[in-house]
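Letter 3 of the sequence shown, counting from 1, is numbered 297 in the numbering used here, and no numbers are missing. Here a beta-carbon is modelled for each residue, glycine too, at the ideal position from N, C-alpha and C.
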Amino acid sequence: MFTADTGGNVSRVVHLYHFEDYRARDATRRAAATNADWQRYTDAARSCILTKESTILLQAPADVYAAAGIGCASAFKAAVPSVSGGAAAGGPDDQVVYELRNYRLRPGRNGVKALMAAFKTGLPSKLAADGVGQLALLAHSDVGLLNQVFEVYRYPSAQHLIESCERSRGAAEWQEAKAKAYELCEQFHISFLHPTRFSRWQ
């Protein structure tokens, strides 16, 4: 669970859940409906909510994750990255930030496939140049507004995020992947999120 920092509507809370498939999702929702703690939470939250939205995502193909040298989002664990030179990234006053990148592609059947192929080639160079960011999720929409691709990266702080963006501009393969993304996109949106204190993704 995350709260929004900047990049659009900041009066929002973002939940991410992982399910093996739609049957598992249905079973979890049935169990939640009979869970007293969950019901107390939803009853208390209802008075605070103006709108709710739900989108179901499918993770990127396994070969895209493998090319980036990471496992799928369900196995993501926040590490303590280091910048080049061995200095520890992050300090006692830093606040962890997750960068949510949303690519809204033009209608068509092959846009998502083409962008995933570009990321498969480009992500290794971005992550190598980045130094501190961790790719937590790469996925596309399956229910909701279609032809959307999402990236989620974890950084020790917003300042580390901005500095890593500067470094990644020297990664040629990543710049080529970004050029492909912009070619396919109708809109591209970035927002910064902070994990709640009880989030699994700290």
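Using a Cβ distance threshold of 8 Å, H488 and T300 do not count as a contacting pair.
Cβ contact annotation for G405 (same chain, cutoff 7 Å, sequence separation greater than five): L399, N441, L478, in chain order. When the five nearest sequence neighbours on each side are left out, the beta carbons in the same chain lying within less than 8 Å of the beta carbon of T322 are those of Y311, F313, in order along the chain. About 16 Å separates the beta carbon of E393 from that of L351, a gap too long to meet the 8 Å contact definition. Around the beta-carbon of F486, 16 or more other beta-carbon atoms lie within 10 Å, marking it buried. Following the DSSP letters along the chain, one finds D331 inside the alpha helix (DSSP H) bounded by residues 330-340. DSSP places L487 inside the beta strand (DSSP E), whose first and last residues are 479-489.
Three or more pairs of CB atoms, one per stretch, sit closer than 8 Å, so the stretch 336-355 contacts the stretch 419-437. The three-state reading of DSSP puts Y447 in strand, counting E and B together. Excluding residues up to 5 positions away in sequence, N441 lie with their Cβ nearer than 8 Å to the Cβ of G402 in the same chain.
In this structure D388 does not touch S348 by the C-beta definition: roughly 32 Å separates them, more than the 8 Å allowed.
One Cα belongs to Q453, the other to R340, and the distance between them is close to 35 Å.
Under the 8 Å Cβ criterion, the stretch 411-418 counts as touching the stretch 465-480, having at least three qualifying pairs. Distance from the CA of G416 to the CA of Q469, rounded to the nearest whole angstrom, comes to 7 Å.
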